[in-house]
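Student:
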Amino acid sequence: MKQLIDFIPLIIFFVLYKMQDIYVATGALIAATAVQIVLTYFLYKKVEKMQVITFLMVAVFGGMTIFLHDDNFIKWKVTIVYTIFAIGLAVSHAIGRSAIKGMLGKEITLPDHVWAKVTWAWVAFFSFCAGLNVYVAYEFPLDVWVNFKVFGLLAATLGFTVVTGVYIYKYMPKDEDGKPTKNENEDHMS
Numbered sequence: 069m070k071q072l073i074d075f076i077p078l079i080i081f082f083v084l085y086k087m088q089d090i091y092v093a094t095g096a097l098i099a100a101t102a103v104q105i106v107l108t109y110f111l112y113k114k115v116e117k118m119q120v121i122t123f124l125m126v127a128v129f130g131g132m133t134i135f136l137h138d139d140n141f142i143k144w145k146v147t148i149v150y151t152i153f154a155i156g157l158a159v160s161h162a163i164g165r166s167a168i169k170g171m172l173g174k175e176i177t178l179p180d181h182v183w184a185k186v187t188w189a190w191v192a193f194f195s196f197c198a199g200l201n202v203y204v205a206y207e208f209p210l211d212v213w214v215n216f217k218v219f220g221l222l223a224a225t226l227g228f229t230v231v232t233g234v235y236i237y238k239y240m241p242k243d244e245d246g247k248p249t250k251n252e253n254e255d256h257m258s
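Everything in the sequence shown is counted per my numbering, starting at 69 for the first residue and increasing by one.
Below you can see the structure in the form of structure tokens.
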């Protein structure tokens, strides 16, 4: 359910872009992202930092897109969000508080070197996507960029998530039957 809520603003943006234009779609994206945060808080009593950062970037760059009637701002939002994610992961790892381990470490037990490789892989992925977005935004027509933003980056993120899962699975502790064991923290909570 939570993942579906996360995609609703993107779907609304895409549909309204196709039906109207980038400015109507951007206004709807701002509103839908605000509703998404409220709905997430109402359902889960918590809003993740990534959602707040994304909303702030959507509101600022989307607002500038509408106010200045310049679609370059909404194009840059994608690159800035991915850059913030890459920097955030790198800094969290450098100070010894890996954000990825913090999110998944309660459910998955892995050696620290694996958490480090996963973190740096995501830093590289987000950095690559940030650069690729700039390239697509300025080398191709707006229609191509919208399709890339909605489908290309989504597919790339889902694909990279699967690759990360396969990599992590190799290093998870296994029982005698070769099945992943529960995290020690889960046993104490049960």
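In this text, a Cβ means the ideal position worked out from N, Cα and C, and glycines have one as well.
Model, not experiment: these values are computed from the prediction.
Inspect the CB distances between the stretch 161-179 and the stretch 121-141 and report whether three or more fall short of 8 angstroms.
Tutor: Too few Cβ pairs lie closer than 8 angstroms, so no.
Student: Can you look up residue 117 in the DSSP assignment and give me helix, strand or coil?
Tutor: For the purposes of this step, residue 117 is identified with residue 49 of the sequence shown, where counting begins at 1. In the structure shown, residue 117 sits in a helix (DSSP, three-state: H, G or I).
Student: Helix, strand or coil for residue 73? Go by DSSP, reduced to three states.
Tutor: Here the question's residue 73 lines up with position 5 in the sequence shown. Residue 73 falls in the helix class under three-state DSSP.
Student: Please look up how many angstroms separate the CB atoms of residue 90 and residue 210, rounded, as I've assumed it's under 8 angstroms.
Tutor: Counting from one through the sequence shown, the residue named residue 90 turns up at place 22. Counting from one through the sequence shown, the residue named residue 210 turns up at place 142. Confirmed, Cβ separation roughly 6 angstroms.
Student: If I measure Cβ to Cβ from residue 152 and keep anything under 7 angstroms in the same chain, skipping five residues before and after, which residues do I get?
Tutor: Counting from one through the sequence shown, the residue named residue 152 turns up at place 84. So the list reads 121, once near-sequence residues are dropped.
Student: Where do the N-terminal and C-terminal ends of the alpha helix (DSSP H) with residue 147 fall, by residue?
Tutor: The sequence position of residue 147 within the sequence shown is 79, counting from 1. 140-162 is the extent of the alpha helix (DSSP H) around residue 147.
Student: Would residue 225 and residue 197 be called neighbours here (beta carbons separated by less than 9 angstroms)?
Tutor: The sequence position of residue 225 within the sequence shown is 157, counting from 1. The sequence position of residue 197 within the sequence shown is 129, counting from 1. Yes; because the gap between Cβ atoms is below 9 angstroms, this pair is in contact.
Student: Throw me the rounded Cβ distance for the residue 94 and residue 142 pair, which I believe falls under 8 angstroms.
Tutor: Mapped onto the sequence shown, residue 94 falls at position 26. Mapped onto the sequence shown, residue 142 falls at position 74. That belief holds up - the Cβ atoms of residue 94 and residue 142 are roughly 5 angstroms apart, short of 8 angstroms.
Student: Rounded to whole angstroms, what is the Cα-Cα separation between residue 110 and residue 104?
Tutor: Position 42 of the sequence shown, counted from the first residue, corresponds to residue 110. Position 36 of the sequence shown, counted from the first residue, corresponds to residue 104. Between the alpha carbons of residue 110 and residue 104 lies a distance of about 10 angstroms.
Student: Under a Cβ-count criterion, where at least 16 other Cβ atoms within 10 Å of its own Cβ denotes burial, should residue 241 be classed as buried or exposed?
Tutor: In the sequence shown, the residue the question calls residue 241 occupies position 173. Answer is exposed; the Cβ neighbour count stays below 16.
Student: Ignore the nearest five residues each way along the sequence and tell me which others in residue 85's own chain have a CB closer than 7 angstroms to its CB.
Tutor: Indexing the sequence shown from 1 puts residue 85 at position 17. Same-chain partners within the cutoff: 93, 214.
Student: Using the rule of at least 16 other Cβ atoms within 10 Å of the residue's Cβ for burial, across every protein chain shown, is residue 130 buried or exposed?
Tutor: As a position in the sequence shown, residue 130 is number 62, starting the count at 1. When all chains shown are included, residue 130 counts as buried.
Student: Rounded to whole angstroms, what's the CA-CA distance from residue 254 to residue 176? Just pull it up for me.
Tutor: Taking the sequence shown and counting its residues from 1, one reaches residue 254 at position 186. Taking the sequence shown and counting its residues from 1, one reaches residue 176 at position 108. The predicted position of residue 254 is uncertain, since its pLDDT is 45 and thus under 50; a value taken from the coordinates is nonetheless stated next. Distance between the alpha carbons of residue 254 and residue 176 is about 9 angstroms.
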